[in-house]
Each structure stands twice: as structure tokens, then as C-alpha cells.
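J.: Each residue of the sequence shown is one higher than the one before, counting from 21 in the numbering used here.
Just so it is clear, CB atoms sit at the ideal spot from N, CA and C, and this is done for glycine as well.
A single structure is presented below for examination.
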Amino acid sequence: SPEFAPGVALKSMKILVALAAAIEIPTALVLISYPALFTQLLFGADISAADQALGPLAGFALIALAIACWPSRKAAAPPLSAVLALLAFSLLCVLYLAYRGAAGASTGILLWPATIGHAVVALLLLWCWQATRAVDRRK
21 SPEFAPGVAL
31 KSMKILVALA
41 AAIEIPTALV
51 LISYPALFTQ
61 LLFGADISAA
71 DQALGPLAGF
81 ALIALAIACW
91 PSRKAAAPPL
101 SAVLALLAFS
111 LLCVLYLAYR
121 GAAGASTGIL
131 LWPATIGHAV
141 VALLLLWCWQ
151 ATRAVDRRK
């Protein structure tokens, strides 16, 4: 379990969760406004009319995730549920995107950068989850 100065680590964890939630907003806005562009950049493929209609729904879900995970100003640390939700999302994105890239599926110029970005966020959130558990054990 990570050792840390409680005040510094709690603030860092709160910032990390806020950043992990916030970085999904631009993705959501592109999905809502330009789903075809998003698909082209990530997967290097065109999309059907049905996919065009699903893009905004995925964008709305990302905005809802960001809102649900946004840390409260009053809380000393982010809720464990927010850390776990963002961690699960990032890990699932890494697995799916890496699978698509490794399987030889159509890839766009942002597939591997997005995979690596989600992997970094997942590792940081894993640290945050362990630190949150350490704080809970001390209570």
C-alpha cells in the first residue's frame, strides 16, 4: 500500500479524479457534434447512419460519467465509487482499443495515442484506488 503524507495525497487524488473526469468532456463533445470525425480519427473508418445517431448518445454517457465522478469541494478525498468507475472505464478502453489495434482492425491516427492515454490514466487511478483504500483502513 502506498505511503504518503495524507493532506498532499488526498489533494492529489482529488485532482487526479477531476482530471480523469474532465478529459472525457472534449471526447464527449466531439462524439455529440461530429461522430463521423471521431470514428475517422480513432478507427480510420466511415460510419453508418445508425452509428451517426449513436455517437451523441455515447457523448451524453461520457458527460454523465464525468459529472457523476466529479469530486465534491467539501470532500477531503474522491469517493471510491468515482475512482472505480473511472478506473473501469479506462481499463475497458485500453483492452478494447488495444484489441482492435492488435487484431488488425481498421485504425485511425488516434487509436494508439488514445490507448496509451487511457493506460496512463488507468495506472494513475490504480494508485489512487490503493491510496483511497489505505486512507479507509486508517479510519
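1) So what's W90 in DSSP terms, helix, strand or just coil?
2) CB-CB under 8 angstroms to L82, same chain, minus the five flanking residues each way: which ones, in chain order?
3) Closer than 6 angstroms by C-beta to H138: which residues in its own chain qualify, once you throw out the five before and the five after it? Chain order, please.
4) So is P91 buried or exposed if we call it buried at 16+ other beta carbons inside 10 Å?
5) Could you pull out every residue in the same chain whose Cβ sits closer than 6 angstroms to the Cβ of P76, ignoring the five residues on either side in sequence?
6) Just to confirm the assignment, what range does the alpha helix (DSSP H) spanning S126 have?
7) So is P133 buried or exposed if we call it buried at 16+ other beta carbons inside 10 Å?
T.: So, to answer that:
1) coil
2) E44, I45, T47, A48, L51
3) S110, C113, V114
4) buried
5) I52
6) Careful: S126 lies outside any alpha helix (DSSP H) and carries neither H nor E.
7) exposed
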